[in-house]
Every structure is written in structure tokens, then in C-alpha cells.
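**Q**
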Amino acid sequence: MRRIGFVESNRSGSGFDALRAARGLGLHVTFFSCGLDRYHATPGGTEVLETCVDEVVACPTHELEPLLEAVKAVDAAKPLDALLSVAEYEVIQAAEAARQLGLPGPDPAAVRIARDKAAQRRRWVERGVPVPEFRVVTTTGQAARAAEEIGFPCVVKAVDETSGAHVVRCTTPDEVAATFTAIRSATTNRRGQARSPEVLVEECLVGFEVSVEVLAEAGAVRVLGVTDKILGGRNRFIELGHSFPTALPDAVRCELESAALAATTAVGFDLGIAHVEIKYTGAGPKLVEINPRPAGDRITELMDHSFGQSTMELLIRQYLGESVGDAGLEPRGGAAIRYLTADPGVVTEVTGLGIAAALPGVREAVVSVAPGGRVDPLRVNEDRVGHVLATAGDAYLAGRIAEAAAQQIVVGTRADASPMVR
Ligand SMILES: Nc1ncnc2c1ncn2[C@@H]1O[C@H](COP(=O)(O)OP(=O)(O)OP(=O)(O)O)[C@@H](O)[C@H]1O
Ligand SMILES: [Mg+2]
Numbered sequence: 002m003r004r005i006g007f008v009e010s011n012r013s014g015s016g017f018d019a020l021r022a023a024r025g026l027g028l029h030v031t032f033f034s035c036g037l038d039r040y041h042a043t044p045g046g047t048e049v050l051e052t053c054v055d056e057v058v059a060c061p062t063h064e065l066e067p068l069l070e071a072v073k074a075v076d077a078a079k080p081l082d083a084l085l086s087v088a089e090y091e092v093i094q095a096a097e098a099a100r101q102l103g104l105p106g107p108d109p110a111a112v113r114i115a116r117d118k119a120a121q122r123r124r125w126v127e128r129g130v131p132v133p134e135f136r137v138v139t140t141t142g143q144a145a146r147a148a149e150e151i152g153f154p155c156v157v158k159a160v161d162e163t164s165g166a167h168v169v170r171c172t173t174p175d176e177v178a179a180t181f182t183a184i185r186s187a188t189t190n191r192r193g194q195a196r197s198p199e200v201l202v203e204e205c206l207v208g209f210e211v212s213v214e215v216l217a218e219a220g221a222v223r224v225l226g227v228t229d230k231i232l233g234g235r236n237r238f239i240e241l242g243h244s245f246p247t248a249l250p251d252a253v254r255c256e257l258e259s260a261a262l263a264a265t266t267a268v269g270f271d272l273g274i275a276h277v278e279i280k281y282t283g284a285g286p287k288l289v290e291i292n293p294r295p296a297g298d299r300i301t302e303l304m305d306h307s308f309g310q311s312t313m314e315l316l317i318r319q320y321l322g323e324s325v326g327d328a329g330l331e332p333r334g335g336a337a338i339r340y341l342t343a344d345p346g347v348v349t350e351v352t353g354l355g356i357a358a359a360l361p362g363v364r365e366a367v368v369s370v371a372p373g374g375r376v377d378p379l380r381v382n383e384d385r386v387g388h389v390l391a392t393a394g395d396a397y398l399a400g401r402i403a404e405a406a407a408q409q410i411v412v413g414t415r416a417d418a419s420p421m422v423r
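If you're matching positions, the sequence shown starts at 2 in this note's numbering and goes up one per residue.
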């Protein structure tokens, strides 16, 4: 039996899907984790750990040395055939560990660049990939100067987070100072890793956003597909919907795909699936970021519905050393997800789920809060309160169905005197 190791998992879709795909391929699965609580707290987490994981190895996962020690001990007992992470915060350590074991994996140096929004931008500038105007700053004085030079509104963001945490549209010098201070006052990122001293201040791009899902193998990068995105959230950028594949006209789609391929090649990402976020502005495509791992937010599942096959299975086969170049990945339909939001406060009622779920085309209608629970202001993706996922003959129709169903769901709240500060 072939053996695969996963270093942690994301909880936004592709992580659990990858574990299921490994089980589907009949692999022995070892799960390296510093703690399972957050998986058990995620809907479906307990079930996936129980049914898809053969062995849990408790070890520090966010630093290379202790992880490597644990991985080497497992490998020495019975050799691993693959080791990977589909969790953003652990991709570097997993790539380094795979390299040291002589297993297939992306170039750790490329993953390191792709995990750091400042490093990405420096590389893209060198290679002529279009980016927003930006400054990398380390002091409040530099942040203020950068904002003044770039102009308002600008975006201030951490270089080492995900889920929209610490990404803020700022319209005044005070907001820039406050955001910079909030980012720098934490000594670690949300996974407890040492916070980068660098902060980005950049032009606030105006345009619609897509993500381009790409697959790298044997020195070549190809596009799996383009995802249309809906953003919301006042001065934050919260993902409120995704549709796959894009409904954009071919000419625009091709421009976006070319930018994503150039961006991926420039950072040197050479094995696996990456998720490239781009805004299409008045001056054409501009890169937002590259993530050296598959998309979260259930986008890989939308792709699976569209392609009629598991993209996470393809990814695992790559890490097992197989070529997936011949996988026929033609969209046969479309899929869409729309996220639910609610006013901040204490939840008083949840209604309409049954009606939403009964609409033909709806695959899932889920509310993640219950009466008595709390809704926080919309500051990161986790503050959303549920979703509707639909499939149809094409993505546009799937999106319309998901929106119609979502409209049936009401998450009522009453104002809470003590909203959480994040
Ligand atoms: N310079 C910018 N101009 C306009 N919007 C931006 C800019 N930078 C980021 N955003 C918006 O904020 C969102 C989150 O930013 P970014 O992708 O850098 O952070 P993240 O925390 O890694 O996000 P996620 O993990 O959710 O993909 C982007 O998808 C985009 O909509
Ligand atoms: Mg992003």
C-alpha cells in the first residue's frame, strides 16, 4: 500500500477533499498536526479525520525542524511515497520536508516566494508581471509616506496571512497608521509563526476580480480554469461568491490566463496546483497574489462538479510522481457558491434553509450559526454565516440559482453589546 503524509489541512474545502481523495486512491494516510481541535470544530472535520486518516502524528508543524524530525521518524518506520500540505501556513515546511526526503514536490524556494506577498511582488516587478503600485514598509513613518505617494484610497496588508485577515482599504492617514500598527502589534501570524517585519502599502486596484487555477508539472504551467468572484465587506475584501468556469468573454479570459501563467512561472512554482488572484482593471490584469496551493472556499469542489472529476485526486497523483498531463479537463457544466452574511449581533432566528435546499440545482444550503450564537462584523472570510452551492448547465445559471436560494435564508440577529475585536 502506498503511503502519503499530509501536513495539516485547510478547512475551506480542498483540504478535506484532498484527504478524501487520498482515501479514494487507497493510500495509507498519515496526518501531521499540532492539534486537531480546529478540525473537529469544522463541519465535516471529525468525519473526515475518522474515515480518511489512518494515523495522526502530533508534532509542531509550523516550523521546519520539529516537523522534519517527525516526518523522518514516520518515513524510517515505513517509507512515505508522498508528502504535501494544502494548508497555506504549512506549505513551505511541507515542501522543504518533501525535498529532504527526496519525494516529489514544488521547489521550496518558489513556495517561499509565493507565501510572501512582498517577495511575490518583487519577483513580478523583475519579470514584468503587472502588479499594483506598492511599497514594502517596516515603520509607521514609511507607511505614511508610502500612502501619501501612492494616494488614497490605498490598501495596507500583512504579507503573511490568508482569508483576508489584515487586508484593509484605507482612505485616511489615520487608517493607514492604525492598520499598520494592528499588523505589527502581533508578533506572530494567525498560525503562530513569527510575523514578517514587512507590511505592504499599495494602490487600491479598481476592477473586477477572478482567480486563475493553474497546474504546474515538468517545467510547464497550464490553466485549469478561471473563477469569477464576488467581493464585499465595506473596507475589507470578503469573498461572497465564486462561479466556475468564468462567464467572461474569451479575449478578457485569455488576458487573465496569460497574466496568471506569467506570474506562476516567474515565482518558479513547478509542481502542483496554485491559485492566482487577479483584478481586471482599466489598465488590464493586475496581480493580487499567488497562493502555492489549491484554492480554498470550495472552489476546487466547483471545479470538480464542472469537470466531472476530482482535482484533488489529480494533485495527489502528481505528488506520487505521476504525470497528469493527459487528464481531460473540459468543463461539462458550471457550479457556483454564494456566501451568506448577517448583521453583527446575537443570532435570534435562522429560517428558509429548507426552501433554499429544495430549489432544483442546489447541492448544499448551510448556515453555520445557530440561535444564541454570535455574528461578528464582516472582517475576514470566517465571519460569513453560511453558503449555498449550486450546479447547472453553466456557471451563470448556477450562480443565479445559488443567489435565489440564498435569498430565502434569513439569519436574524439583535445588536450585541460586546462585538469581538479582531
Ligand atoms: N491592492 C489591492 N487593491 C484592491 N483590492 C485588493 C488589493 N489587495 C488585496 N485586495 C483585495 O483583498 C482580497 C484579499 O487580499 P489578499 O488576497 O492579498 O489576502 P489574503 O488574506 O491572502 O486573501 P485570501 O486568503 O482570502 O485569498 C483580494 O482578494 C482582493 O479582493
Ligand atoms: Mg487572496
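For each residue, glycine too, the CB sits at the ideal point set by N, CA and C.
#1: With a 10 Å radius around its C-beta and 16 neighbouring C-beta atoms as the bar for buried, classify Pro80 as buried or exposed.
#2: To which residues of the same chain is Gly297 closer than 7 Å at the C-beta, ignoring the five residues directly before and after it?
#3: Check whether the Cβ atoms of Leu316 and Ile274 lie closer than 7 Å to each other.
#4: With DSSP as the reference, label Ala407 as helix, strand or coil.
#5: Look up Pro67 in the DSSP assignment and say whether it is helix, strand or coil.
#6: Which residue comes first and which comes last in the alpha helix (DSSP H) that contains Lys118?
#7: If you draw a straight line from the C-alpha of Asn190 to the C-alpha of Ser212, how long is it?
#8: Cβ-heavy atom distance between Glu383 and ligand 2 below 6 Å?
#9: Could you tell me the distance, in whole angstroms, from the CA atom of Thr414 to the CA atom of Ser369?
#10: Three or more beta-carbon pairs under 8 Å between the segment 378 to 385 and the segment 325 to 335, yes or no?
#11: For Leu390, which residues in the same chain have their Cβ closer than 6 Å to its Cβ, ignoring the five residues on either side in sequence?
#12: Starting from Cys53 and walking both ways along the beta strand (DSSP E), at which residues does that stretch end?
#13: Check whether the Cβ of Glu278 sits closer than 6 Å to any heavy atom of ligand 2, and report yes or no.
#14: If you draw a straight line from the C-alpha of Lys118 to the C-alpha of Thr282, how long is it?
#15: Compute the distance between the beta-carbons of Arg116 and Pro109, then report whether it is under 7 Å.
#16: Measure the alpha-carbon distance for Pro250 versus Thr173 and round it to whole angstroms.
#17: What is the DSSP secondary structure of Gly234, reduced to helix, strand or coil?
#18: Whose CA, out of Gly346, Leu85, Gly208, lies closest to the CA of Val30?
#19: When you compare only the Cα positions, how much space is there between Cys53 and Gly27?
#20: When we look at the beta-carbon of Cys255 and count the other beta-carbons within 10 Å, is it buried (16 or more) or exposed?
#21: Taking C-beta to C-beta, are Ala357 and Ile410 nearer than 7 Å?
#22: Here's the rule I'm using: 16 or more other beta-carbon atoms within 10 Å means buried, otherwise exposed. How should Thr140 be labelled?
#23: Where does Arg423 land, buried or exposed, given buried means 16+ other C-beta within 10 angstroms?
#24: Cβ of Glu91 versus every heavy atom of ligand 2: is any distance shorter than 6 Å?
#25: Just to confirm, does Glu64 get its C-beta within under 6 Å of one of the non-hydrogen atoms of ligand 2?
#26: Which of the three DSSP states, helix, strand or coil, is assigned to Glu214?
#27: On the three-state DSSP scale, how would you describe Arg423?
#28: Go to Val177, then tell me how far its beta strand (DSSP E) extends in each direction, as first and last residue.
#29: Does Ser324 come out as helix, strand or coil in the three-state DSSP assignment?
#30: Taking only heavy atoms of ligand 1 into account, decide whether any of them is closer than 6 Å to the Cβ of Pro345.
#31: By DSSP, does Asn382 sit in helix, in strand, or in coil?
#32: Counting only the same chain and skipping the five closest in sequence on each side, list residues whose C-beta sits under 7 Å from that of Ala406.
#33: Identify whether Pro109 lies in helix, strand or coil by the three-state DSSP scheme.
#34: Under DSSP, the beta strand (DSSP E) around Thr352 begins and ends at which residues?
#35: Distance check for Glu89 and Arg294, CA to CA, integer angstroms please.
#36: Can you name the start and end residues of the alpha helix (DSSP H) that Cys255 belongs to?
**A** Quick look at the numbers:
#1: Locating residue 80 in the sequence shown gives position 79, where the first residue counts as 1. That one is exposed.
#2: Counting from 1 along the sequence shown, the entry for residue 297 is found at position 296. Answer for Gly297: Asn11, Ser13, Gly14, Ser15, listed in chain order.
#3: On the sequence shown, position 315 is the one that residue 316 refers to. On the sequence shown, position 273 is the one that residue 274 refers to. In this structure, Ile274 lies closer than 7 Å to Leu316 by Cβ.
#4: Your numbering for residue 407 matches position 406 in the sequence shown. The answer is helix: DSSP assigns Ala407 an H, G or I state.
#5: As a working mapping, residue 67 is identified with position 66 in the sequence shown. The answer is helix: DSSP assigns Pro67 an H, G or I state.
#6: Counting from one through the sequence shown, the residue named residue 118 turns up at place 117. For Lys118, the enclosing alpha helix (DSSP H) covers residues 118 to 127.
#7: The count along the sequence shown starts at 1 and reaches residue 190 at position 189. The count along the sequence shown starts at 1 and reaches residue 212 at position 211. Straight-line Cα distance between these residues: approximately 24 Å.
#8: Mapped onto the sequence shown, residue 383 falls at position 382. Glu383: no, Cβ never under 6 Å from ligand 2.
#9: The residue labelled residue 414 in the question sits at position 413 within the sequence shown. The residue labelled residue 369 in the question sits at position 368 within the sequence shown. One C-alpha to the other measures close to 14 Å.
#10: no
#11: Walking along the sequence shown from the start, residue 390 turns up at place 389. Same-chain partners within the cutoff: Ile338, Arg364, Glu365.
#12: On the sequence shown, position 52 is the one that residue 53 refers to. Careful: Cys53 lies outside any beta strand (DSSP E), inside the alpha helix (DSSP H) at 46 to 53.
#13: Taking the sequence shown and counting its residues from 1, the one referred to as residue 278 is at position 277. Correct: Glu278 has its Cβ closer than 6 Å to ligand 2.
#14: Looking up residue 118 in the sequence shown gives position 117. Looking up residue 282 in the sequence shown gives position 281. So the alpha carbons of these two residues sit roughly 20 Å apart.
#15: Sequence index remark: in the sequence shown, residue 116 carries index 115 (1-based). Sequence index remark: in the sequence shown, residue 109 carries index 108 (1-based). Taking 7 Å as the Cβ cut-off, Arg116 and Pro109 do not qualify as a contacting pair.
#16: The sequence position of residue 250 within the sequence shown is 249, counting from 1. The sequence position of residue 173 within the sequence shown is 172, counting from 1. Approximately 37 Å, taken between the alpha carbons.
#17: In the sequence shown, counting from the first residue as 1, residue 234 sits at position 233. Gly234: coil per DSSP, three-state reduction.
#18: Mapped onto the sequence shown, residue 30 falls at position 29. Checking every option, the nearest Cα to that of Val30 belongs to Leu85.
#19: Sequence index remark: in the sequence shown, residue 53 carries index 52 (1-based). Sequence index remark: in the sequence shown, residue 27 carries index 26 (1-based). C-alpha separation (whole angstroms): 10 Å.
#20: Mapped onto the sequence shown, residue 255 falls at position 254. By the 10 Å Cβ count, Cys255 comes out exposed.
#21: Locating residue 357 in the sequence shown gives position 356, counting from the first residue. Locating residue 410 in the sequence shown gives position 409, counting from the first residue. In this structure, Ile410 lies closer than 7 Å to Ala357 by Cβ.
#22: Indexing the sequence shown from 1 puts residue 140 at position 139. With fewer than 16 other Cβ atoms inside 10 Å of its own Cβ, Thr140 counts as exposed.
#23: Sequence index remark: in the sequence shown, residue 423 carries index 422 (1-based). Because the pLDDT of Arg423 is 48, which lies under 50, any placement of that residue in the model is unreliable, and the question is left without a value.
#24: Counting from 1 along the sequence shown, the entry for residue 91 is found at position 90. Flag unset: Cβ of Glu91 not near ligand 2.
#25: As a position in the sequence shown, residue 64 is number 63, starting the count at 1. It does not: the Cβ of Glu64 is nowhere closer than 6 Å to a heavy atom of ligand 2.
#26: Translated into positions along the sequence shown, residue 214 becomes position 213. DSSP places Glu214 in strand when its eight states are reduced to three.
#27: Counting from one through the sequence shown, the residue named residue 423 turns up at place 422. The predicted position of Arg423 is uncertain, since its pLDDT is 48 and thus under 50; a value taken from the coordinates is nonetheless stated next. In this structure, Arg423 counts as coil in the three-state DSSP scheme.
#28: Here residue 177 refers to the residue found at position 176 of the sequence shown. Counting along the chain, Val177 falls outside any beta strand (DSSP E), though it belongs to the alpha helix (DSSP H) covering 174 to 186.
#29: The residue labelled residue 324 in the question sits at position 323 within the sequence shown. Coil, per DSSP.
#30: Here residue 345 corresponds to residue number 344 of the sequence shown, with the count starting at 1. Pro345 Cβ: outside cutoff for every heavy atom of ligand 1.
#31: As a working note, residue 382 is residue 381 in the sequence shown. Here Asn382 sits in helix by DSSP.
#32: On the sequence shown, position 405 is the one that residue 406 refers to. Hits under 7 Å: Ala357, Leu360, Val363, Ala366, Val389, Ala391.
#33: Reading the sequence shown from its first residue, position 108 is the one you call residue 109. Looking at Pro109 - three-state DSSP - the assignment turns out to be helix.
#34: Position 351 of the sequence shown, counted from the start, is the residue given in the question as residue 352. 346 to 352 is the extent of the beta strand (DSSP E) around Thr352.
#35: As a position in the sequence shown, residue 294 is number 293, starting the count at 1. As a position in the sequence shown, residue 89 is number 88, starting the count at 1. Cα to Cα, Arg294 sits roughly 7 Å from Glu89.
#36: Residue numbering aside, residue 255 sits at position 254 when the sequence shown is read from its first letter. Cys255 -> alpha helix (DSSP H) spans 251 to 268.
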